[in-house]
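Comments concern the structure below.
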Amino acid sequence: MTVLLELKSVSRQFGGLNAVNDVSFQVSQGEILGLIGPNGAGKTTLINLITGVHPATSGRILFDGQDITKMRAHQIARKGLARTFQVVQPFPKMTVLENVATGALFAGGATGLKDAFAQARQHLEFTGLGDSVDKLASTLTLAKRKRLELAKGLAMRPRLLMLDEVNAGLNSMEIDDALRMIRTIAERGVTIIIIEHLMKVMLSTAQRIVALHYGQMIADGVPDAVLRNPRVIEAYLGSKYAAAHSGSSA
Ligand SMILES: Nc1ncnc2c1ncn2[C@@H]1O[C@H](COP(=O)(O)OP(=O)(O)O)[C@@H](O)[C@H]1O
Ligand SMILES: [Mg+2]
Numbered sequence: 001m002t003v004l005l006e007l008k009s010v011s012r013q014f015g016g017l018n019a020v021n022d023v024s025f026q027v028s029q030g031e032i033l034g035l036i037g038p039n040g041a042g043k044t045t046l047i048n049l050i051t052g053v054h055p056a057t058s059g060r061i062l063f064d065g066q067d068i069t070k071m072r073a074h075q076i077a078r079k080g081l082a083r084t085f086q087v088v089q090p091f092p093k094m095t096v097l098e099n100v101a102t103g104a105l106f107a108g109g110a111t112g113l114k115d116a117f118a119q120a121r122q123h124l125e126f127t128g129l130g131d132s133v134d135k136l137a138s139t140l141t142l143a144k145r146k147r148l149e150l151a152k153g154l155a156m157r158p159r160l161l162m163l164d165e166v167n168a169g170l171n172s173m174e175i176d177d178a179l180r181m182i183r184t185i186a187e188r189g190v191t192i193i194i195i196e197h198l199m200k201v202m203l204s205t206a207q208r209i210v211a212l213h214y215g216q217m218i219a220d221g222v223p224d225a226v227l228r229n230p231r232v233i234e235a236y237l238g239s240k241y242a243a244a245h246s247g248s249s250a
């Protein structure tokens, strides 16, 4: 299979902290890769490195064979890498339609405003927000803001779409809807990296899983094997134990 994304010994430090530590893996064209790990494992940071939000401290990132390690976020987006944010970040004073049209203009190849709005409408229909196009983004419920994030990502016509906890805070019906959308997006040929805490979601969507713990990759394989890997189990049990004894629910 054709390799679309390749990480070679990628690291990122924040002060003395190794948020991502010597991570190497490949993602093939058309694959749905799950990225798991306890809170603070470095999942979001890894997405930030791939998308150019933060530069890597060392290592190389290749997309479609091209070195994107030192590229700026907007250049990377235009190459076909889009992501959703764990903490949803719509432009609050813009309507839902304008939010998505911005993505279409910025990186989706829209030829002008009219085209951008037309494309945005299609993405909003697809994500079930067809009846919310004229609302201010700030007035949407959490579930709808998550869908708006997804529509904004799609508007950039990505070849690789990275989903950072798009299901967090949703009820099980909303999650089922989101999963159907994610599978349809994959069927259209978009490669997907999905960060998700719910194992049910991982097992039903991901073809392969990479597990991180304290910034290091501790497993890479088919979902069944990764979820039974002793290092993965220990990482999760350890973090649950820590959470239970610090009074935190994280
Ligand atoms: N911008 C930043 N500045 C300093 N530390 C950060 C920053 N972003 C993340 N970190 C730290 O890096 C580690 C990994 O965080 P993160 O990638 O958000 O984990 P995850 O998404 O797996 O929960 C955590 O210890 C976090 O506090
Ligand atoms: Mg995160």
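Counting from 1, one number per residue, gives the positions in the sequence shown under the working numbering.
Each residue gets a CB set at the ideal place from its N, CA and C atoms; glycine is no exception.
Counted as a single uninterrupted DSSP element, the alpha helix (DSSP H) harbouring D115 occupies residues 113 to 126. Looking at the backbone, the Cα of R83 and that of P158 are separated by about 9 Å. Beta-bridge analysis with DSSP links M217 to L212.
For ligand 1, residues qualifying as neighbours are F14, L17, A19, G37, N39, G40, A41, G42, K43, T44, T45, where qualification means a beta carbon closer than 6 Å to at least one of its heavy atoms (chain order).
Cβ contact annotation for G42 (same chain, cutoff 7 Å, sequence separation greater than five): A19, V20, L212, G215, in chain order. In the structure shown, M162 adopts extended strand secondary structure according to DSSP, grouped into three states. The beta carbon of Q86 sits closer than 7 Å to at least one heavy atom of ligand 2. Taking each of V232, L17, Q29 in turn and checking the Cα distance to G80, the smallest one comes out for Q29. Distances between the C-beta of D176 and the heavy atoms of ligand 2 are all 7 Å or more. Assigned with DSSP and collapsed to three states, G80 falls in coil, not helix or strand. At least one heavy atom of ligand 2 falls within 7 Å of the beta-carbon of D164.
Note: D67 is bridge-paired with L62 in the DSSP secondary-structure output.
Sequence-distant partners of G108 (beyond 5 residues in either direction) whose C-beta falls short of 8 Å from its own C-beta, in its chain, are A116, Q119, A155, M156, R157. Taking a 10 Å sphere around the C-beta of I193, we find 16 or more other C-beta atoms and assign the residue as buried. Short of 8 Å from the beta carbon of L170, and not among the five residues preceding or following it, lie these beta carbons of its own chain, in chain order: L142, A143, K146, A178. DSSP places L5 outside any alpha helix (DSSP H); the residue lies instead in the beta strand (DSSP E), whose first and last residues are 3 to 14.
Contact annotation, I209 with V226: C-beta distance approximately 4 Å; criterion of less than 8 Å satisfied.
By the C-beta density criterion, F63 is buried, having at least 16 other C-beta atoms within 10 angstroms. The DSSP-derived three-state label of L129 is coil. Annotation: A168 to Q86 spans about 8 Å, alpha carbon to alpha carbon.
Secondary structure of T191 (DSSP, three-state): strand. If you look at G37, you'll find it isn't in any beta strand (DSSP E); DSSP assigns it neither H nor E.
Around the C-beta of H74, fewer than 16 other C-beta atoms lie within 10 Å, and the residue is accordingly described as exposed. Counting along the chain, no beta strand (DSSP E) covers A137, and no H or E run does either.
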